[in-house]
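Under my numbering, the first residue of the sequence shown carries the number 15, and numbering increases by one thereafter.
Glycine included, C-beta positions come from ideal geometry on N, C-alpha and C.
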Amino acid sequence: MTPIPERMQATEEEMMPLLQAETEETKRAPARWEPSPYALIRFAGKSFAELDQLKFERTVPLVKELTALRQWIDEEKMSLCDETLYGAIGGADGEQRSALVALKRDLFNERRISSEQLRLLRQPTLRYLRLPVLRFLWRVRRYARLDRIGRALFEAEMAEKRAFLKASFADEEFLKALQIASPALFASLRTYQRSDPAQLRARERRIEDGALRYFLRMTAKTSPFSRFGPVALAGVDLDTAAPLTMKMPAGLRQTSQTNFNLAVVSQIAHSLARSPDIYPKLRPFLNPSTYLKEDQIYFTRPISVREQRLTESMSTLRKGPYIPPIRHVVEALQQSRNGSPTLRGFEEELARGVLGARARPFLQKLIDSGLVLNEFQLPSNTRSRLLDLHDALTHIDSECAMWAVNHLRALGEAVDRFAEAPVGERGRLMRETQRLVDELMRWWVPESMYKAKRTDHIIEDAIVGEVQATLGANFFEPFLQELTVFLNCIHARDQRGLSNAMLRDVFTAQFGEGGRCTNIADFATDYLRMVIQSNLTDERLWPRASALNRNALRYLETLGIQQIEAADERFIPTEHLDALTMQFQPTSNEPRSVALNLQVAASDWEALARGDYLVVLNYALPGFGHFYSRYCYLFDQVENTVPLHAHITERIRQLEHCWPRESEMVELLSVLDHNAQVHPCFTERQIVPPGEISQKAKAAQIPTEQLELVHDPASDQLLLFERCDREPVAEKRELTPLYMGFFHNMALPSLHRVLTDMAPTGYHMERLKPAEHDEGLLPYQPDHPAYEQAVRHYPRLRVGKFVFQRELWAFDPAALPNFAQDDEFALFCAAYQWKLQHELPTELFVRIKRDRLEADLDFQNDHKPMYFDFENFFTIKVLRHLLDVDHIQAVQVEEMLPNPRQLFFECEDERYAVEFQIEFNQEAYGD
Numbered sequence: 015m016t017p018i019p020e021r022m023q024a025t026e027e028e029m030m031p032l033l034q035a036e037t038e039e040t041k042r043a044p045a046r047w048e049p050s051p052y053a054l055i056r057f058a059g060k061s062f063a064e065l066d067q068l069k070f071e072r073t074v075p076l077v078k079e080l081t082a083l084r085q086w087i088d089e090e091k092m093s094l095c096d097e098t099l100y101g102a103i104g105g106a107d108g109e110q111r112s113a114l115v116a117l118k119r120d121l122f123n124e125r126r127i128s129s130e131q132l133r134l135l136r137q138p139t140l141r142y143l144r145l146p147v148l149r150f151l152w153r154v155r156r157y158a159r160l161d162r163i164g165r166a167l168f169e170a171e172m173a174e175k176r177a178f179l180k181a182s183f184a185d186e187e188f189l190k191a192l193q194i195a196s197p198a199l200f201a202s203l204r205t206y207q208r209s210d211p212a213q214l215r216a217r218e219r220r221i222e223d224g225a226l227r228y229f230l231r232m233t234a235k236t237s238p239f240s241r242f243g244p245v246a247l248a249g250v251d252l253d254t255a256a257p258l259t260m261k262m263p264a265g266l267r268q269t270s271q272t273n274f275n276l277a278v279v280s281q282i283a284h285s286l287a288r289s290p291d292i293y294p295k296l297r298p299f300l301n302p303s304t305y306l307k308e309d310q311i312y313f314t315r316p317i318s319v320r321e322q323r324l325t326e327s328m329s330t331l332r333k334g335p336y337i338p339p340i341r342h343v344v345e346a347l348q349q350s351r352n353g354s355p356t357l358r359g360f361e362e363e364l365a366r367g368v369l370g371a372r373a374r375p376f377l378q379k380l381i382d383s384g385l386v387l388n389e390f391q392l393p394s395n396t397r398s399r400l401l402d403l404h405d406a407l408t409h410i411d412s413e414c415a416m417w418a419v420n421h422l423r424a425l426g427e428a429v430d431r432f433a434e435a436p437v438g439e440r441g442r443l444m445r446e447t448q449r450l451v452d453e454l455m456r457w458w459v460p461e462s463m464y465k466a467k468r469t470d471h472i473i474e475d476a477i478v479g480e481v482q483a484t485l486g487a488n489f490f491e492p493f494l495q496e497l498t499v500f501l502n503c504i505h506a507r508d509q510r511g512l513s514n515a516m517l518r519d520v521f522t523a524q525f526g527e528g529g530r531c532t533n534i535a536d537f538a539t540d541y542l543r544m545v546i547q548s549n550l551t552d553e554r555l556w557p558r559a560s561a562l563n564r565n566a567l568r569y570l571e572t573l574g575i576q577q578i579e580a581a582d583e584r585f586i587p588t589e590h591l592d593a594l595t596m597q598f599q600p601t602s603n604e605p606r607s608v609a610l611n612l613q614v615a616a617s618d619w620e621a622l623a624r625g626d627y628l629v630v631l632n633y634a635l636p637g638f639g640h641f642y643s644r645y646c647y648l649f650d651q652v653e654n655t656v657p658l659h660a661h662i663t664e665r666i667r668q669l670e671h672c673w674p675r676e677s678e679m680v681e682l683l684s685v686l687d688h689n690a691q692v693h694p695c696f697t698e699r700q701i702v703p704p705g706e707i708s709q710k711a712k713a714a715q716i717p718t719e720q721l722e723l724v725h726d727p728a729s730d731q732l733l734l735f736e737r738c739d740r741e742p743v744a745e746k747r748e749l750t751p752l753y754m755g756f757f758h759n760m761a762l763p764s765l766h767r768v769l770t771d772m773a774p775t776g777y778h779m780e781r782l783k784p785a786e787h788d789e790g791l792l793p794y795q796p797d798h799p800a801y802e803q804a805v806r807h808y809p810r811l812r813v814g815k816f817v818f819q820r821e822l823w824a825f826d827p828a829a830l831p832n833f834a835q836d837d838e839f840a841l842f843c844a845a846y847q848w849k850l851q852h853e854l855p856t857e858l859f860v861r862i863k864r865d866r867l868e869a870d871l872d873f874q875n876d877h878k879p880m881y882f883d884f885e886n887f888f889t890i891k892v893l894r895h896l897l898d899v900d901h902i903q904a905v906q907v908e909e910m911l912p913n914p915r916q917l918f919f920e921c922e923d924e925r926y927a928v929e930f931q932i933e934f935n936q937e938a939y940g941d
């Protein structure tokens, strides 16, 4: 790589506050972060060559010339009309003055001048105007001629590129990916394919724009799901010198696994439970989240509107007086827990007791409230839930149950055939699946809400199972030392994370320093209420969280010094990060782990081998195997691959051994009816929150009501203990909860959230890029120096070969070119002029930032960056479509790094975008 010029490095003056704080302690060598023995490689689903072929190679040179000529004409027009001719008009009078005014008007409007106006310029007093006017007119005529040539060339090339794009859209792998991602767009794509490329209607253009967004996702990015981005499992061997070895006997041939959507299974189960034929034959049970507090009974239930569940997680707290009739029902359910009767049988039991004739309506009220549940109880952590529901129905003696069994069997067969079926057969299977599901959902209330929302019945994961890859020592050596310094700084800054600090703030405020909580469910509700409703900037309420926020602000402001005026790239010396680390006063001696999603920018394999590359951070995820768990089922059955489940299990054993306190690592069961959450268990025992159903033996299950939280004043940490009433307090077993699901903590119910926020796997490394910080707060900071700037430029930030912020530009809407124009060739030229004006890279990624409070956001897709190429008009057209919305705050443009010339990975002579997910671990700082 080219050495960094001194002017691009952080200056001594800029970093002086940090250097003054440096002590001898900063000079000690910290323990290096070492990679885990496993890594994921995510490939783009298609070769980047398909995007290269969409570049308008013949039109672009003319567009460049036209853009340069237009710039000259605009500048010369200002000089000629506003200065030269303005002065001549001031010195003339009579007819000559009128003639000069008319000449100026014609030149300003770029109109041809008459012979009389030419004769006017031959007058001795005006002869000095003749040459600049004729030169200007010649350039105007040349521009008009080039514009005509360019338009004809653009139209011809557009037809060629559109034909190629149509062929790309017809690729089987792309169609299979689109079938899953957007069935509606897939269905409408046939209309586009049959259309005349030269006469596309508005609807067909929208279809083209929508399909292109998915096509860009499959070629320029590495999506972690489905055929858009197949995944391979790699090993890490630091005894191997080669940076990366790959054996690909079948190239990048994809294989896929398809499963039925667990959320749909749950909704089908809820629907069937409402069937008049099945409902009375289910076995009612007490809501497992129920607890008593003084004379009140509390429980949580899913959020619902008109009895229509909006989520499957227990997230709405309800309470009421614990009156004798309720006590009678609760105690009866508790006594019959092991052999509970059916709903009708239970009603009859209650009717024979104190409730008498009121038994049936009273019990129904309790069911409607959510205190009593009359549902199918299906295991949480399994992909076979469709089969579990099938088996449960076989034990119900009713015609409706047998009808549902046949439908579920047909659904299972359709899912089994789906993975290997060709596109046409997959379409038929999806329609059949939709029909079966709609029939099974007939008792869902209201039926129209379900049909309007659900099309994601089948979940597909794609892997490249025959790739054998190994990352060796020379892959890590060029950047591992700088990465160690960077990660030490971030961990010292965050000290187990903001969520953990907020949890401790709420706990100590409620129970005091050294306090103890024996009802975690009750505390969890208060905790979440505080997080949602209180002022998060109040340092009195959030002392620990505020301290971490100050740390983060110091980090972001220090590394973002003068970044608005900075050069394209800025080098951060490791000494400055070390000094910043010590300012944060790291105190934790717990093992650390983080998963980094990285890309490598290298010109080719040879550059990679000699260490001539950059490692670029995309984002960070929690470590300790947390974000690898969902891939175990994909790879543990593939021959000659890394034993992923065994490695993660061993890593957790090591974590237990290295933990500073004697504590048992115990996994928290948390599925939330989402396929990505399902994974094999990594610990012998399991914490089972309310609403989750474990498949482990009872002795290995730990109900949350047996747990208590204690604050340790010495370490200022929350400790979790398993309570046993038969043992003295000193004999309680300390537990360390582990959350190994794929969802972020924010998506979990309140009780799950408490346990994950204190777990080692709960720490999520964020707030790494100063540019994101500045752009996020800028609309609310009128005193910020960049507040009034319509265009803001942020440099690339790097520590050695490790890049943690790409170069970025942010544009206010007023600083954008006119993307709304219908003249496509003029739009092509305007976009290219925008590129030249701001010296933007040819290939980049664009993200549109909209007002979250005012805009109608699509939270599933709107936050994703879109690949953009100034030489590919189709991407310009898609951006025009995306900008046709309201409440835009800024358009963020980020360099593509690695750019297309730095995609080192090749397969069959074609380059692919590749991303690595690598986990790094450190036992303790300074060990």
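A residue is called buried when at least 16 other Cβ atoms come within 10 angstroms of its Cβ; LEU286 meets this threshold and is buried.
Going by beta carbons, VAL899 and PHE882 fall outside the 9 angstroms limit. Ranked by Cα distance from LEU497, the first of ALA184, ALA365, HIS852, ILE932 is ILE932. Proximity of the stretch 430–444 to the stretch 288–296 falls short of the contact definition, fewer than three beta-carbon pairs being nearer than 8 angstroms. Taking every protein chain shown into account, the CB of VAL245 has 16 or more other CB atoms within 10 angstroms, so this residue is buried. Across the structure, ALA506 and ARG866 are spaced so that their CA atoms are roughly 32 angstroms apart.
Taking the Cβ atoms as the reference, PHE178 lies roughly 16 angstroms from LEU189, outside the contact range of under 8 angstroms.
Straight-line measurement puts the Cα of THR595 at about 41 angstroms from the Cα of LEU893. When the beta-carbon positions are compared, SER394 and GLU706 come within less than 9 angstroms of each other. Three or more beta-carbon pairs separated by less than 8 angstroms are not found between the stretch 637–657 and the stretch 820–834, which leaves the two stretches without contact. Nearest neighbour of ALA424 by Cα position, chosen from PHE432, LEU450, PRO436, GLY438, turns out to be LEU450. Three or more Cβ pairs closer than 8 angstroms define a contact, and the stretch 757–772 meets that threshold against the stretch 541–553. DSSP, reduced to helix, strand and coil, places GLY105 outside both helices and strands of the structure shown, so it counts as coil. Under a 10 Å Cβ-count criterion, THR205 is classified as exposed, with fewer than 16 other Cβ atoms of the shown protein chains found around its own Cβ. Counting only runs of at least 4 residues, the stretch 458–507 fully encloses the following alpha helix (DSSP H) elements, listed from N- to C-terminal order: 461–467.
Between ARG332 and PHE360, the C-beta gap is not smaller than 9 angstroms, which leaves the two residues out of contact. If you check the CB distance, GLU719 and LEU734 do not come in under 9 angstroms. C-alpha of TRP848 to C-alpha of GLN131: approximately 36 angstroms in a straight line. Assignment of beta-bridge partners to SER607 by DSSP yields ASN935. Boundaries of the alpha helix (DSSP H) around SER285: 276–287. Straight across, the Cα-Cα distance linking ALA623 with PRO257 is about 6 angstroms.
Look at GLU698 here: in three-state DSSP terms it is coil, with no helix or strand label. A distance below 9 angstroms separates the beta carbons of GLU909 and GLU821. Under the criterion of beta carbons closer than 8 angstroms, ASN388 and LEU357 qualify as touching, at roughly 5 angstroms. Contact annotation, ASP536 with TYR305: C-beta distance approximately 7 angstroms; criterion of less than 8 angstroms satisfied. Contact fails between the stretch 219–226 and the stretch 50–64, because fewer than three Cβ pairs, one in each stretch, are under 8 angstroms apart. Across the structure, PHE842 and PHE918 are spaced so that their CA atoms are roughly 30 angstroms apart. In this structure LEU148 is exposed. Its beta-carbon is surrounded by fewer than 16 other beta-carbon atoms within 10 angstroms. Taking C-alpha positions only, ILE862 is separated from VAL905 by approximately 5 angstroms.
Per DSSP, ALA53 is one residue of the beta strand (DSSP E) stretching across 48–57.
Rounded to whole angstroms, the gap between the alpha carbons of PRO694 and ALA566 is 36 angstroms. Relative to the Cα of LEU769, the nearest Cα in the group LEU501, ILE340, LEU517, GLU789 belongs to LEU517. When DSSP states are grouped into helix, strand and coil, ILE707 belongs to the coil group. The stretch 331–408 is shown to contain whole alpha helix (DSSP H) runs of 4 or more residues at 338–349, 357–365, 373–383, 399–408, in chain order.
Put simply, of HIS409, GLU786, LEU214, PRO375 the residue whose alpha carbon is nearest the alpha carbon of ARG297 is HIS409.
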